[in-house]
Every structure is written in C-alpha cells, then in structure tokens.
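Report on the structure given below.
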C-alpha cells in the first residue's frame, strides 16, 4: 500500500510538473499553427537560443515576432503593461497599490493614448499584426506557470500595450524631477549661495562627447539669444554603478578598414533580461539586435548597412512647477497669469485583488499632473506639477521602423529627426565607412530659469518657448580623431549656446574608453573643426 501511495504521489507530482512547468515552455522545433499568418514563416533558433525569423511580408514578420515574444516572455509582458497602466494590484493585491497610484498619477497610459492618431498606417498595421501574434500564443492556453499560480488569464494584447511601454522606458531614462526637489530642500536648509557651492564642476581634463573647441557660430546669433543659461557649468551626477557606454572607430584606424562599433546599455537588472535578441527578415528588410518584448522591430543592433547603439543623454527634460490651486464646486482651478483656469481632474478607480477598490484623484494643470503623492516625504503640501517632454505626443514606433531600414549614416540621422524621448547619445556606423554621433530628442528652451529647481507656475515667466531645433542639436561625423565615445558624460562644453542640463554623469568612464582606444592605436589628432 505504501509503495502504491508513493507511486501515486510521484505520478501526481510529475503530472503537475509537466502541466505547470514543461507544457508552457517554448517550442524549438516542429510546425506551429498560428492563426492570422498570410504565409508560412520559418524560424530557426541557433545554439544561443536566438530566433532567426524569415517571413514573406512585414505583417507576417510582426505576427511571428509577437508570437515568439509571447511564448518566451508572456509573463514579463503582462507585468510590464500592468505597471504602465497602474493595474498591478488587480493581480498582486494591496502590496502593489502604492505603485498603481504612482503610475495613475504619472498618466503614462493616457499619454500613449494621445499618440494613436500620429501613427502612420504602416505602424498601425504592424502593431495590429504584432498583437495578433501575441494573442495567437495566448489562445493556445499554454500559459507560463505564474498565470496558473495566480489563477489569471491575460487579456488580449493591444497596440496600446505596445506603445505604452515606450513611455515607461522614457520614464526610466528621464531623471531630473527628483533632483529638483533635492536641490530645493538643500537651498531651503542652507541658502542659495552655499547650495551653489555643492554643485560640482565638470572635472578638468574630462572628455566631452563632442570635442572641445568646436565652432558653434553656424548656429547663429538667435541661438545665443535664446539661451539664458549658455554660460552655466553643469555638475555631474555621482551614482555608484550608473552608466552605459558606446563607441565607434573609423575604418582608417582598424585592421579591417571597416568601422567598429560597440554598445553596452546599462538598464536595470531584471530576470528575465529587459532585452530579447532576434534576427528579423522580410522582403527588403533585414535587421538583427535586441528588442523589447512587447514591441515589434529592433531597438539597437544592425541591418545590412548600418549599426547603431545608445547611451542615455541625461538632458533636463522635466520641470516642476509650483502651482496655486483652489477647490471649486465644479472641481479644481489653477492660477496662471492672473486668471483662474479649470484643471483636468480624473478619479482613477484601482481594482485591488482581495480588497476594496481604491480611488486616486489625478489633477492636471497646463504644466502636467500634480505629483506630490509620488514623493510626499520630499514634496510637502505645496502642489507641484510635472512638465515632461514625454507628455507631448510623438510617433516613436515610426521612428524605430525608419531606423531599422536606414541604409547609411545620413539616412539614420534623418530617421532620428522624429526621435523625441528619451534623449539619447546615438552612435552609428555604416558600410560606406562613416561613423557618427547624434543627440536627438526634444530638449526644452525656457523663457526664464534653467530647470534645476521648482519654479512658480502661476506667473507665466518660466514657460517653455519651444525645443532646440534638430539641426542645432549636437552632432558629429567622421571626426579627425577617428573615434567617437560616450558614457553618459557631458556632451558639449560651455561654448554650446543652449542649456542641456546639469545632471550628466562624471567623465571618468569616457576618459578610460578613449585611453584604451588610444593604447590600441585607434585615435589620432583631436578634431577642432566646425559643428
């Protein structure tokens, strides 16, 4: 009897293991029927587990990528879209409620919804096809074990789930508003004069991404007139372990005669990785590199003509505005230039698993959402509204698709014209021998102030008057040094006529990259040419 009971127990455990753990595992061989495909798609998985996808059309390629992302990373994708939407508490209960309140206040999902009309017809078609691939995998009901443990069936994937993740990455890489609060508290404690002495200068001898001595006169006098803070010295951020790097070496300094490009993006450590490596092929389209589970295409990698990589640019694209608010019988008003205007007020209902629903009141002024609830220990009771470039509608999906297709550095730079947020150091190289660096994105021009501390929102004096024109953003190609390197360090020196920010990382890592390339014989004379 004991032996029979042990055998029964072993069989039960083995059966549960097969259903819960083995059955949901990705298929690596054989034929898989996927609804929605117009033609069969071939997928070859190499010894490193990287899928190589060959489709007869771009929509089928997107469907296949969506299916592969879902079969390998569906739980990660589910968590990610719920984080952005502020819906984690539906799965995880009370413990996730503070994060949901935070995300509802930041309104990332609402910002993504506002961009739907900006997408091209091709982007819409590919996002819909990608969602079809994800949903084909969900329909198989071979869900990862986390879904079974939580007794949860995922909702169908939508294009909005994909575009929302772009906003989350922008949030991850935009870091200024917290620093504004810290500076304000320091000023309050010791006064502005002493506080200014705590702002470190960029260390002497540290490199800039764009070499010192560049002539910016081609930008014109209007640029100098617009920048009230052009002469300011930006202080570096000292954070242990922070930073990405990328660099390129011109073919004239390599053994092969072709450019070399390297990229190491230091995003938050997660399990599984935030990245998903894949190789995607369709007629007239071939690109390989890393993608985000939840998004079609490749974020960083190379096609047959161009390679590209990123490091975070750390410009100041977030400003806090101190608001004057008043409650009315109809809602909330905010003051601006001597008049009162109705704020947008939303009551966000948050479903909490195992508990009562929670309500989060989100108040939004002309500057953005009032975010005091995000940092109550720092912000105090004075209403602070967050203005941020990511709240301005854009079509980053179209930008990424255009980058995937670029056939030269010139075409890549043109693709970056519509890159809006987050601002990045993009280093790229092509088969024609060119290496280049661009600093694309929306960087505000302020009528007054430099964005380092919260400013009055009711006066109208500190408004954004526009963005730095694309042609005036830092850019270089084929420098005489033969090398381009970035490591989140300062991009330009004080001669640059626009204010980029004060929260760059120290230059020691960039200096070490240049030292090692010099030791390898990769560098020559420093470029002191024109912008």
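Residue numbers (this note's numbering): 370 to 900. Just so you know, even glycine gets a beta-carbon here, dropped at the ideal spot from N, CA and C. Computed from a predicted structure; not experimentally measured.
Judged by DSSP in its simplified three-state form, residue 435 adopts helix. In the structure shown, residue 672 falls within a strand segment according to DSSP collapsed to helix, strand and coil. Under the 10 Å beta carbon count, residue 522 is surrounded by fewer than 16 other beta carbons and is classified as exposed. The alpha-carbon separation between residue 452 and residue 583 amounts to approximately 43 Å.
Bridge pairing for residue 677: 670 and 797 [DSSP].
Of the candidates 693, 405 and 733, 693 places its Cα closest to the Cα of residue 824. Just measuring C-alpha positions, the residue of 699, 405, 833 and 472 sitting nearest residue 495 is 405. Distance from the CA atom of residue 755 to the CA atom of residue 629, rounded to whole angstroms, is 41 Å.
C-alpha of residue 447 to C-alpha of residue 507: approximately 11 Å in a straight line. Cα atoms of residue 715 and residue 515: separation of roughly 32 Å, rounded to the nearest angstrom.
In this structure, the alpha-carbon of residue 618 lies about 16 Å from that of residue 671. Three or more Cβ pairs drawn from the stretch 567-585 and the stretch 851-871 lie within less than 8 Å of each other, which places the two stretches in contact. A straight line joining the alpha-carbon of residue 469 with that of residue 549 spans about 23 Å. Counting the other CB atoms within 10 Å of its CB gives residue 587 a total below 16, which places it among the exposed residues. Scanning its chain for C-beta atoms nearer than 6 Å, with the 5 sequence neighbours on each side dropped, one finds around residue 791 the residues 539, 542 and 543, in chain order. Across the structure, residue 818 and residue 769 are spaced so that their CA atoms are roughly 33 Å apart. The C-beta separation of residue 767 from residue 489 comes to about 5 Å, placing the pair in contact by the 8 Å criterion. Secondary structure at residue 643: coil, using DSSP grouped into helix, strand and coil. When C-alpha distances from residue 849 are compared across 836, 864, 840 and 805, the shortest belongs to 805. Restricting attention to 393, 890 and 838, the CA atom closest to the CA of residue 785 is found in 838.
According to the DSSP assignment, residue 844 belongs to the beta strand (DSSP E) that extends over 844-846. By the Cβ neighbour-count rule, residue 757 is buried, with 16 or more other Cβ atoms within 10 Å of its own. Taken in chain order, the unbroken stretches of alpha helix (DSSP H) that lie wholly in the stretch 517-566 and span 4 residues or more are 528-541, 545-559 and 561-566. Fully contained in the stretch 739-781 are the following beta strand (DSSP E) runs of length 3 or more, in chain order: 753-757. Between residue 864 and the set 730, 734, 843 and 884, the nearest pair of CA atoms involves 843. For residue 885, the uninterrupted alpha helix (DSSP H) run begins and ends at 877-888, by DSSP. For residue 413, the uninterrupted beta strand (DSSP E) run begins and ends at 411-414, by DSSP. Contact annotation: residue 729 and residue 473 have beta-carbon atoms nearer than 7 Å. For residue 836, the uninterrupted beta strand (DSSP E) run begins and ends at 833-836, by DSSP.
Under the three-state reduction of DSSP output, residue 622 falls in the helix class. Residue 622 places its beta carbon 7 Å or farther from that of residue 435.
Under the Cβ criterion (8 Å, minimum of three pairs), the stretch 456-468 does not count as touching the stretch 697-712. Under the 8 Å Cβ criterion, the stretch 632-651 does not count as touching the stretch 864-873, having fewer than three qualifying pairs. A straight-line Cα-Cα distance of about 15 Å links residue 426 and residue 774.
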